[in-house]
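Under full-length UniProt numbering, the first residue of the sequence shown carries the number 1, and numbering increases by one thereafter. C-beta atoms are modelled at their ideal positions from N, C-alpha and C, and glycine is treated no differently.
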Amino acid sequence: MKRTKARLKINQILTGKKTNLRVVGCLLFREWDKKDKRFYYWEEWEITGLADYDSWVEYDHSDQTTVSPYEPIRFTQAIDPTQLKKGQSFTVSRTGRQGSRCSG
1 MKRTKARLKI NQILTGKKTN LRVVGCLLFR EWDKKDKRFY YWEEWEITGL ADYDSWVEYD
61 HSDQTTVSPY EPIRFTQAID PTQLKKGQSF TVSRTGRQGS RCSG
């Protein structure tokens, strides 16, 4: 298993102009690619302190020039995954007015 490569550490404080963020967790993933016959690795770092919710930073070991930030989407209505049915569709949006259609 490889080690993490991003220059982040658990409990590290990231100082910004408007707010400070804290690194609270890290997952290192490994996936086997049958076509390439090799493992691919990437890291996902959990960051807190931005607008009262967790954000994630992804660092791909295959593409060491790209860091991808992610933040959760807050739904206007709660979605209960135990109630979803095959073929059911619903609209996902940030504002509740316009969004992407999802179906399962």
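Burial state of residue i (16 or more Cβ within 10 Å)
i: Tyr40; result: exposed
i: Ser100; result: Confidence at Ser100 is low in this model, with a pLDDT of 45, below 50, so the placement of that residue is unreliable and no value is reported for it.
i: residue 186; result: This structure does not reach residue 186, given that the chain is present from 1 up to 104, and the question cannot be answered.
i: Trp32; result: exposed
i: Ile73; result: exposed
i: Glu71; result: exposed
i: Ile13; result: exposed
Backbone secondary structure at residue i - three-state DSSP
i: Pro81; result: helix
i: Leu8; result: coil
i: Arg3; result: coil
i: Thr19; result: coil
Counterpart residues of residue i in DSSP-defined beta bridges
i: Arg38; result: Asp33
i: residue 106; result: With the chain covering 1 to 104 only, the question about residue 106 has no answer from this structure.
Residue i Cβ short of 7 Å to the ligand GTP heavy atom set
i: Glu71; result: Ligands are entirely absent from the displayed structure, and the ligand GTP is therefore not among its contents.
(Q) Quick check for students: name the residue ranges of the beta strand (DSSP E) that lie wholly in the segment 52-79, counting only runs of 3 or more. (A) Runs of the beta strand (DSSP E) lying entirely within the segment 52-79 and spanning at least 3 residues, in chain order: 53-60, 67-70.
Could you say if the segment 55-66 and the segment 5-20 meet the contact criterion of at least three C-beta pairs nearer than 8 Å? With a cut-off of 8 Å, the segment 5-20 and the segment 55-66 count as touching, because enough Cβ pairs lie within range.
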